[in-house]
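Protein chains in written order, with the working numbering: chain A, 1 to 553; chain B, 1 to 115. Where is the CB? At the ideal position from N, CA and C, for every residue including glycine. Fair warning: this is a prediction, and the values are worked out from it, not measured in the lab.
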Amino acid sequence: MNAALRAAESTDIGNPTLNIIIFGVFVLITLGIVIRASRKNSTAADFYAGGRSFTGPQNGTAIAGDYLSAASFLGIAGAIAVNGYDGFLYSIGFLVAWLVALLLVAELLRNTGKFTMADVLSFRLKQRPIRMAAAIATLAVCFFYLLAQMAGAGGLVALLLGVEGTGGQYAVVAVVGILMIAYVLIGGMKGTTWVQIIKCVLLIIGAAIMTFWVLAKYGLNLSDVLGGAVDKAASEGSKNPEGILAPGVKYGVSTLTKIDFISLSLALVLGTAGLPHVLMRFYTVPSAKEARRSVMWAIWLIGLFYLFSLVLGYGAAALVGPKEIKGAPGGVNSAAPLLAFHLGGTVLMALISAVAFATILAVVAGLTITAATSFAHDIYASIIKHGEIAPDGEVKVARRTVVVIGVLAIVGGMFAIDQNIAFLVALAFAVAASANLPTIVYSLFWRRFNTSGALWSMYGGLISCMVLIIFSPVVSGKVDAKTGKSLSMIKDTGIDFSWFPLDNPGLVSIPLAFLLGYIGTVVSRREPELDAVSAEMEVRSLTGYGAEKAVVH
Amino acid sequence: MATPPLAPSSNEPLTPQQQLRDSAEFERLRRIFRTFIFPMTVLFLVWYFLYVLLAAFASGFMATKVVGNINVGLLFGLAQFVSTFAITIAYKNWADKKFDPAAAAIRHDLEAGAR
Numbered sequence: 001m002n003a004a005l006r007a008a009e010s011t012d013i014g015n016p017t018l019n020i021i022i023f024g025v026f027v028l029i030t031l032g033i034v035i036r037a038s039r040k041n042s043t044a045a046d047f048y049a050g051g052r053s054f055t056g057p058q059n060g061t062a063i064a065g066d067y068l069s070a071a072s073f074l075g076i077a078g079a080i081a082v083n084g085y086d087g088f089l090y091s092i093g094f095l096v097a098w099l100v101a102l103l104l105v106a107e108l109l110r111n112t113g114k115f116t117m118a119d120v121l122s123f124r125l126k127q128r129p130i131r132m133a134a135a136i137a138t139l140a141v142c143f144f145y146l147l148a149q150m151a152g153a154g155g156l157v158a159l160l161l162g163v164e165g166t167g168g169q170y171a172v173v174a175v176v177g178i179l180m181i182a183y184v185l186i187g188g189m190k191g192t193t194w195v196q197i198i199k200c201v202l203l204i205i206g207a208a209i210m211t212f213w214v215l216a217k218y219g220l221n222l223s224d225v226l227g228g229a230v231d232k233a234a235s236e237g238s239k240n241p242e243g244i245l246a247p248g249v250k251y252g253v254s255t256l257t258k259i260d261f262i263s264l265s266l267a268l269v270l271g272t273a274g275l276p277h278v279l280m281r282f283y284t285v286p287s288a289k290e291a292r293r294s295v296m297w298a299i300w301l302i303g304l305f306y307l308f309s310l311v312l313g314y315g316a317a318a319l320v321g322p323k324e325i326k327g328a329p330g331g332v333n334s335a336a337p338l339l340a341f342h343l344g345g346t347v348l349m350a351l352i353s354a355v356a357f358a359t360i361l362a363v364v365a366g367l368t369i370t371a372a373t374s375f376a377h378d379i380y381a382s383i384i385k386h387g388e389i390a391p392d393g394e395v396k397v398a399r400r401t402v403v404v405i406g407v408l409a410i411v412g413g414m415f416a417i418d419q420n421i422a423f424l425v426a427l428a429f430a431v432a433a434s435a436n437l438p439t440i441v442y443s444l445f446w447r448r449f450n451t452s453g454a455l456w457s458m459y460g461g462l463i464s465c466m467v468l469i470i471f472s473p474v475v476s477g478k479v480d481a482k483t484g485k486s487l488s489m490i491k492d493t494g495i496d497f498s499w500f501p502l503d504n505p506g507l508v509s510i511p512l513a514f515l516l517g518y519i520g521t522v523v524s525r526r527e528p529e530l531d532a533v534s535a536e537m538e539v540r541s542l543t544g545y546g547a548e549k550a551v552v553h
Numbered sequence: 001m002a003t004p005p006l007a008p009s010s011n012e013p014l015t016p017q018q019q020l021r022d023s024a025e026f027e028r029l030r031r032i033f034r035t036f037i038f039p040m041t042v043l044f045l046v047w048y049f050l051y052v053l054l055a056a057f058a059s060g061f062m063a064t065k066v067v068g069n070i071n072v073g074l075l076f077g078l079a080q081f082v083s084t085f086a087i088t089i090a091y092k093n094w095a096d097k098k099f100d101p102a103a104a105a106i107r108h109d110l111e112a113g114a115r
């Protein structure tokens, strides 16, 4: 289907004018708050870390707002509505992953680092090579994630808004990009955090209202909601309507898809604690204890939200039906907005669409400030300028980087609009789990770990992920057996250079990165000259002695 | 992953942090931390991958109905939420009671020593 046709169909449901008005109100309110929050934004700690002055509950809410991207909000409800239980499996991986962050990473990272992931990784290893590797991994993850958000969500919002044609979609991507640049430039980390907090609150309220509405329609009985979904599937001619209640619809097709699912699960559960934009949020609180409270709040909110998603997904399957969802503009992603329309008409749909828009803005803003900080702090200040730069000079570079990244995201998002980019988020998790997490864990818990181990692990994880993705079916050679159409990024079915059978590289690249970190360390010499900083890091990570303090204004 | 302390570079005196790291007091803090964190991490990872493997290779078992349309798979999935919340609470209680006081004591000694 071409974009114009989809846009024309979208005007059948919802009221684009109302949607745009509600979006506009959201943008005005958040911009006002961002401007208010940004009055004290002078130092690097202010711009990068919001002065480290957020409380645990505030930061936890912002983390949830950062983490529940459009893929989580629209994607999981849609996946449950169409594939049933397999969509639910996805959400569980996203939640359990937070235990890795809570137990192994959050507090130790807050105690040892300053602004970026590279601060922690390079603490007791050779500064420049490690910073470089960590910054490259950070930029790679942010770039994949950003592109996926801009393209997928830009297209979706264009449809919800009834914006017609490719030009209209480009305009929406540009507006998202410009707003994002404005939020981050004006508000820095403080402004970004407030946008994420507001978005998270709106998202949870919206999801809660819809969840109870769905449950109320079925006498507050989850079993009856499931029954409704089965009946609807049966009425639409499904051969196995009960199938949606158990795992297997999507991932149970063959042994290969099952192994692919395990690979995805591994990347999800180990990737979260290696996502640079999540890690950076731990620096916005004054202490390790507040970092702990942040993660606890995030776990409660994210868990609650995924429980809502379960009801919303099956509710959409029962009340809207897979056929209508798949046929709708935006496809699977439209399940939640369509359910809103079925429940509360145009007004509720406009509100939920506004939440979808807010979600995109909040997530892309978080990614942009993370990437800009990593470039300015790790690459420019530490590597190019050898650390000899005034802090406000560094922030100036960060601000310029924000504009550059914003423009890149807009252009990249425009190119990617009609591409199959769903795999980019999975790739971002796989890179985070392979390039970042092994080195984070080793440098926090293994005293013998050294610079070459870290470089082997980070570059090995990053390169193996990229290579396996390029030669996987997501890029070339996957053909839909029924229609004969290509399901890969390269649409020409004649081109097939894939040799790696899985869509997700995690099952190979994550163990490989851990192994490389081990081998790289044991085959190279110990670094006794770095033992003093190693001791400092170990003491600091557990006790918080010498950790960065909050900015006092 | 316990590694014996590295030999300090020949003639430089040990920093206070190096001395502290090799002390019995800090070793105790490390042990408090690791005896909780490591088993808990293994526990939730094993529990999660048990669920993932059952979902992938035992979908018939997961489809067994328990009450109405609620099946084993759904209860197992919800149990993952419960266990995640439970570990979060257990971690908080452990940190408040055991870890924070021990870490704070060492930090205060360090801060007093630095003054």
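Interface flag, residue i vs chain A, CB-CB below 8 Å
i: residue 71/B; result: yes
i: residue 111/B; result: yes
i: residue 20/B; result: yes
i: residue 92/B; result: yes
i: residue 67/B; result: yes
i: residue 86/B; result: no
i: residue 24/B; result: no
i: residue 42/B; result: no
i: residue 50/B; result: no
i: residue 28/B; result: no
i: residue 15/B; result: yes
i: residue 107/B; result: yes
Sequence-distant residues of its chain with Cβ nearer than 6 Å to residue i (five each side left out)
i: residue 93/A; result: 265, 268 and 269
i: residue 98/A; result: 299
i: residue 350/A; result: 18, 19 and 22
i: residue 449/A; result: 442, 443 and 521
i: residue 123/A; result: 112 and 537
i: residue 274/A; result: 432, 433, 436 and 437
Span separating the alpha-carbon of residue i from that of residue j
i: residue 443/A; j: residue 146/A; result: 28 Å
i: residue 494/A; j: residue 484/A; result: 11 Å
i: residue 104/B; j: residue 26/B; result: 12 Å
i: residue 17/A; j: residue 346/A; result: 10 Å
i: residue 236/A; j: residue 323/A; result: 7 Å
i: residue 119/A; j: residue 534/A; result: 13 Å
i: residue 80/A; j: residue 423/A; result: 18 Å
i: residue 220/A; j: residue 213/A; result: 9 Å
i: residue 391/A; j: residue 58/B; result: 57 Å
i: residue 38/B; j: residue 53/A; result: 31 Å
i: residue 97/B; j: residue 498/A; result: 54 Å
i: residue 88/A; j: residue 309/A; result: 8 Å
i: residue 426/A; j: residue 276/A; result: 15 Å
i: residue 34/B; j: residue 244/A; result: 42 Å
i: residue 78/B; j: residue 84/A; result: 15 Å
CB contact check: residue i to chain B, cutoff 8 Å
i: residue 247/A; result: yes
i: residue 296/A; result: yes
i: residue 536/A; result: yes
i: residue 317/A; result: no
i: residue 128/A; result: no
i: residue 281/A; result: no
i: residue 211/A; result: no
i: residue 54/A; result: no
i: residue 119/A; result: no
i: residue 292/A; result: yes
i: residue 48/A; result: no
i: residue 67/A; result: no
For residue i: DSSP bridge partner residues
i: residue 71/B; result: 65/B
i: residue 486/A; result: 479/A
Cutoff 8 Å; reference residue i; Cβ partners in own chain excluding five residues on either side
i: residue 62/B; result: 54, 55, 71, 72, 73 and 76
i: residue 358/A; result: 26, 30, 195, 198, 199, 202 and 203
i: residue 44/B; result: 83, 84 and 87
i: residue 394/A; result: 44, 376, 377, 380 and 381
Sequence-distant residues of its chain with Cβ nearer than 7 Å to residue i (five each side left out)
i: residue 179/A; result: 27 and 361
i: residue 406/A; result: 177, 180, 181 and 368
Expected contact under 8 Å - CB spacing of residue i and residue j to nearest Å
i: residue 74/A; j: residue 356/A; result: 6 Å
i: residue 337/A; j: residue 353/A; result: 6 Å
i: residue 15/B; j: residue 532/A; result: 5 Å
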